[in-house]
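Respectively, the protein sequence lines represent chains V and Y.
Counting from 1, one number per residue, gives the positions in the first sequence under this note's numbering.
Counting from 1001, one number per residue, gives the positions in the second sequence under this note's numbering.
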Amino acid sequence: MCLAVPAKVVEKVGNVAKVDFGDNTLREVDVSLVDVSVGQYVLVHAGYAIQVLDEDEALKTIELLSEILSE
Amino acid sequence: MSFLKELRNRELAYALVRKIKEVFPKKPIKICHVCGTHEWTIVHYGLRSLLPDNIELIAGPGCPVCITPALDIDQAAELALEGKTVTVFGDVSRSVGVKYSLEAVRSEGGNVKIVYSILDALKIAKSDKSKEVVFFAVGFETTAPLTALHILRTPPKNFSILSSHRYVPPAVITLYSRGKLEMDGVIAPGHATTISGLKTYEPLAKEHGIPVVASGFEPVDVLMSIIMLVKQISEGKAEVLNQYSRSVTWEGNVKAMQTINRVFELTDAHWRGIGTIEHTGFVLRKEFKDYDARYKYGLKNVNYASEMHPGCRCAEIMLGKIKPTQCPLYMKVCKPSKPVGPCMVSIEGTCRIWATHIAFS
Ligand code: SF4
C-alpha cells in the first residue's frame, strides 16, 4: 500500500499533471501535495504525487555508495 | 533516473555484502524494518541468505492491511449488509475479520465496491447522491494525506469514511520501549518517512540508543542501509541517517503532514494482534465528524476476546518473533489463494511475500 513509483512531469495544469513512468505513456496525477515543475521527477502513490525526487541527492547516494565500498 | 539501474546491480550488491562481512561485529544483531515493500525486496533478492548468519533481519508491523482491526473489517461489512455502499481497496476486502470479509459479503450480493483510491469512492458517491457511500480508509501516513485532501474538498453529504489510518513512528518507538519489538537498529520505511520526515524517528536514537536509517527499496539501497546500521552498531553509535535522500528529508513532506493534521487528530488506536498504541490512530477532527462513519452510523467499540483465526500466528509474525514457516497453518491451510490470517492477504504481508516466493522458486 505504501508502494510509490517515480515518474517525470511532462505537463502541469493547476493541481493535475501528466507524468511519464518511463513507458512513454502519459498518465494523470494529482500534484496538490507537492510543489513541482515540468521536467522534475515525482514519486507517485495511488495516483497522487507524494514527493518531488531530488536528482542531486540521488547522485550523492551513488557517491556515498562508492565511499562505503572504498573505505 | 538512470541511477536506478545501478541500485539493482548485482556486482555492487555483492561488493556491499563483502563490506558488511568486513565491518560486521561478532555479536548477533537484529535489524528491524517496518515496511512490506522492504520485506519484498529482502525476500525477492534473497538478501537474508547473503548476510552473515548472526545478522537477523526482522519484519516489523509494516503492513497496513495486517494491522487493520478485525472490528473495523466487521463493521465495514455490517454497513454493506445494511445496504450502504462500502468502497474498499482490493487487498483489504480479502482480509477476514472475526465475522466477515468484505469479499465474502460482496460475493453474497452485499454492496461492496473495490476501488483504487478515495477518488473512485467519491465518484461513486457523486453518481447517486441518494445512496450512502462509505470509504474504508486503510493505510499509514503515506495514504492518509490522500484521504485528508479529499475531506478538505467538501465531499457530498452521502459520503463518509471509516478511518483505520495509522501513524508509524510512535508505534515503532512505543513497541520498542515496551520490549515488544526487539532490535539493535531500524530501517525506517522509505515512503512513510517521505511524508512524516526522518525527525519523527529521532527519539529512537536519542532516547533509546537505536540507530535509524531511512532506506530506499532497491536491493543496493537496502544493503547500503544495513551497512550504515551495522557500522553504527559496531561503533556504539546511534544516529539518524538517510540512505534515501532522493525522497526522504528531515522535515518530510510538510504540505502532506499539514493536510493530514488539518483533517485528522491522533488518538490511541488498536493494531490488530498487537494491541492499543498511544497516539497512532488518525481520527477525523470534530469539524469533519459528519464524514466520520463511526459517528454518522453510531458504531460502537467492541472488544473481541480474540481477533485472530485459531492457530494463526500473525501477531508474532508482525513483531518479528517468528517466521511464517513456523506457523503450522502456513501453506497447508493458509495460502495466498485462501488466506486465513491477515499476513497472507496483502502483498505487504510477510506470510504472503514468503509464500509467493516459494511458489516461484
Ligand atoms: S501463515 Fe496464515 S495463519 Fe499462519 S500466521 Fe501467516 S497469515 Fe496467519
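Using N, Cα and C, we set each Cβ at its ideal position, and we do this for glycine too.
Under 9 Å, CB to CB, which of the residues in the segment 1218–1243 of chain Y have a partner in chain V?
1220, 1221, 1224, 1227, 1228, 1231, 1242 and 1243
Return yes when the Cβ of residue 1200 of chain Y is within less than 8 Å of the Cβ of residue 1253 of chain Y, no when it is not.
no
Positions along the segment 45–61 of chain V whose CB lies within less than 8 Å of some CB in chain Y
45, 46, 47, 48, 50, 51, 53, 54, 55, 57, 58, 59, 60 and 61
Chain V contacts from the segment 1176–1200 of chain Y (Cβ-Cβ distance under 9 Å):
1189, 1190, 1191, 1192, 1194 and 1195
Around the C-beta of residue 1256 of chain Y, are 16 or more other C-beta atoms found within 10 angstroms, so that it is buried, or is it exposed?
buried
For residue 985 of chain Y, count neighbouring Cβ atoms within 10 angstroms of its own Cβ and tell me buried if that reaches 16, exposed if not.
This structure gives no information on residue 985 of chain Y, because the portion of chain Y shown stretches from 1001 to 1361.
Compute the minimum distance between the beta carbon of residue 1116 of chain Y and the heavy atoms of the ligand SF4, and state whether it is under 7 Å.
no
Where are the alpha helix (DSSP H) runs, 4 residues long or more, that stay fully inside the segment 1120–1199 of chain Y, in chain order?
1144–1152, 1168–1177 and 1190–1196
Determine whether the beta carbon atoms of residue 1224 of chain Y and residue 68 of chain V lie at a separation below 8 Å.
yes
Buried or exposed, going by whether 16 or more other CB atoms sit within 10 Å of the CB of residue 1242 of chain Y?
buried
When Cβ atoms are compared, which residues of the segment 3–30 of chain V fall closer than 7 Å to chain Y?
3, 4 and 6
Whole-angstrom distance between residue 1248 of chain Y and residue 1356 of chain Y, CA atom to CA atom
29 Å
Can you pull the DSSP bridge partners for residue 1264 of chain Y?
Y:1284
Could you work out which residues of chain V lie near residue 1116 of chain Y, taking near to mean beta carbons separated by less than 8 Å?
46 and 47
Would you be able to state if there are at least three C-beta pairs under 8 Å between the segment 1151–1161 of chain Y and the segment 1124–1137 of chain Y?
yes
Pick from Y:1095, Y:1148, Y:1062 and Y:1180 that is closest to residue 1071 of chain Y, judged by C-alpha positions
Y:1095
Return yes when at least one heavy atom of the ligand SF4 lies under 7 Å from the C-beta of residue 1069 of chain Y, else no.
no
Within 8 Å of any Cβ in chain V, is that where the Cβ of residue 1253 of chain Y sits?
yes
I'd like to know if the segment 1089–1108 of chain Y and the segment 1063–1077 of chain Y are in contact, where contact means that at least 3 CB-CB pairs between them fall below 8 Å.
yes
Give me, in chain order, the residues of the same chain whose beta-carbon lies closer than 7 Å to that of residue 1160 of chain Y; leave out the 5 immediate sequence neighbours on both sides.
1134, 1291, 1292, 1293 and 1296
Would you say residue 1329 of chain Y touches the ligand SF4, meaning its beta carbon is less than 7 Å from a heavy atom?
yes
For a test of your reading of the model: does the CB of residue 1363 of chain Y fall under 7 Å from any non-hydrogen atom of the ligand SF4? Yes or no.
The structure shown has nothing for residue 1363 of chain Y, since chain Y only spans 1001 to 1361.
Of all Cβ atoms in chain Y, is any one closer than 8 Å to the Cβ of residue 37 of chain V?
no
Interface residues of chain V facing residue 1019 of chain Y [CB-CB closer than 7 Å]
68 and 69
What separation, rounded to the nearest whole angstrom, lies between the Cα atoms of residue 1353 of chain Y and residue 1267 of chain Y?
31 Å
Could you pull out every residue in the same chain whose Cβ sits closer than 7 Å to the Cβ of residue 1197 of chain Y, ignoring the five residues on either side in sequence?
1249, 1250, 1251 and 1252
Integer-rounded CB distance, given that residue 1209 of chain Y should sit under 8 Å from residue 1238 of chain Y:
5 Å
Hey, how far is the Cα of residue 25 of chain V from the Cα of residue 1343 of chain Y?
34 Å
Residues of chain V with a CB under 7 Å from the CB of residue 1051 of chain Y: which are they?
Within 7 Å Cβ-Cβ: nothing; residue 1051 of chain Y doesn't reach chain V, min ~16 Å.
In chain order, what residues of the same chain lie with their CB nearer than 7 Å to the CB of residue 1180 of chain Y, ignoring the 5 residues before and after it?
1319
Reducing DSSP to helix, strand and coil, say where residue 30 of chain V ends up.
strand
Could you tell me the distance, in whole angstroms, from the CA atom of residue 1009 of chain Y to the CA atom of residue 1047 of chain Y?
13 Å
Just list the residues that DSSP pairs residue 1038 of chain Y with in beta bridges.
BP columns for residue 1038 of chain Y are empty, so no partner.
Near residue 15 of chain V, which residues of its chain fall below 8 Å by C-beta distance, leaving aside the five closest residues on each side in sequence?
30, 31 and 32
Here's a check: name, in chain order, each residue in its chain whose Cβ is nearer than 6 Å to the Cβ of residue 1088 of chain Y, leaving out the five neighbours to either side.
1102 and 1136
Neighbour flag for residue 1247 of chain Y against chain V, beta carbons, 8 Å:
yes
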